[in-house]
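Visitor:
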Amino acid sequence: MIEWKTLPFSQLTTTELYQLLQLRVDVFVVEQTCPYPELDGKDILDDVFHLLGYQDEQLVACARLLGKGISYPSVSIGRVASAMQYRGDGVGHQLLEQAIHQCETLWPNCDIEIGAQQHLHDFYVKHGFVQTSDMYLEDDIPHIDMKRANRG
5 MIEWKTLPFS
15 QLTTTELYQL
25 LQLRVDVFVV
35 EQTCPYPELD
45 GKDILDDVFH
55 LLGYQDEQLV
65 ACARLLGKGI
75 SYPSVSIGRV
85 ASAMQYRGDG
95 VGHQLLEQAI
105 HQCETLWPNC
115 DIEIGAQQHL
125 HDFYVKHGFV
135 QTSDMYLEDD
145 IPHIDMKRAN
155 RG
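To convert, note that position 112 of the sequence shown is 116 in the numbering used here; the numbers rise steadily by one, no gaps.
1. Spatial neighbours of L11 within its chain, please: C-beta separation below 6 Å, excluding the five flanking residues on both sides.
2. In whole angstroms, what separates the C-alpha of M5 from that of D93?
3. Quick one: what's got a C-beta closer than 8 Å to W111's C-beta in the same chain, skipping five residues either side?
4. Hey, I74 and D51 are a contact pair by Cβ (cut 8 Å); roughly how many whole angstroms apart?
5. Assuming I48 contacts I81 under a Cβ cut-off of 8 Å, what Cβ separation, rounded to an integer in Å, is found between them?
6. Once you ignore the five residues that flank L27 on each side, which residues in its own chain have a CB closer than 7 Å to its CB?
7. Quick one: what's got a C-beta closer than 7 Å to S137's C-beta in the same chain, skipping five residues either side?
8. Since K9 sits in a beta bridge, which residues does DSSP pair it with?
9. With H, G and I counted as helix, E and B as strand and the rest as coil, what does DSSP make of R83?
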């Protein structure tokens, strides 16, 4: 059973922040062999929240929830990551469901936009997202923009 927390940057403990950055670097930099600017200045903004999923006190999944106008005109979800050893058991689907739910709670009646790695297209489609752009390279990884229309 995963325990979920949604916190602004100012409420993260130093341990939670360390675990969050470690998971994101493990997935996006090390696993995907992609050096990129992880610390982009968005984590600390007022209308940004961090979704953390813990199992047995271990951070197993995370996502960054961003208010309108920070990454996209609409609310957005980014830095979606799950620990490698927890994949294949539906953790990614639970994470995205929680992220969508938290966005709908924080910012009711809003569309949600994402910049998805292209190979995850079908994963996001299962959660109501539709492709809204052609493929583009971000940090040498094929991406597409996707949007989930407000269902409120």
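Every residue gets a Cβ at the ideal spot worked out from N, C-alpha and C, and that includes glycine.
Guide: Considering the structure as presented:
1. H54
2. 11 Å
3. G71, K72, V79
4. In this structure, I74 and D51 form a Cβ contact; the two beta carbons are roughly 6 Å apart against a cut-off of 8 Å.
5. Rounded, the Cβ-Cβ distance is 18 Å, inconsistent with contact.
6. Contacts found: L63, C66, A85, A87.
7. I148, D149
8. L56
9. strand
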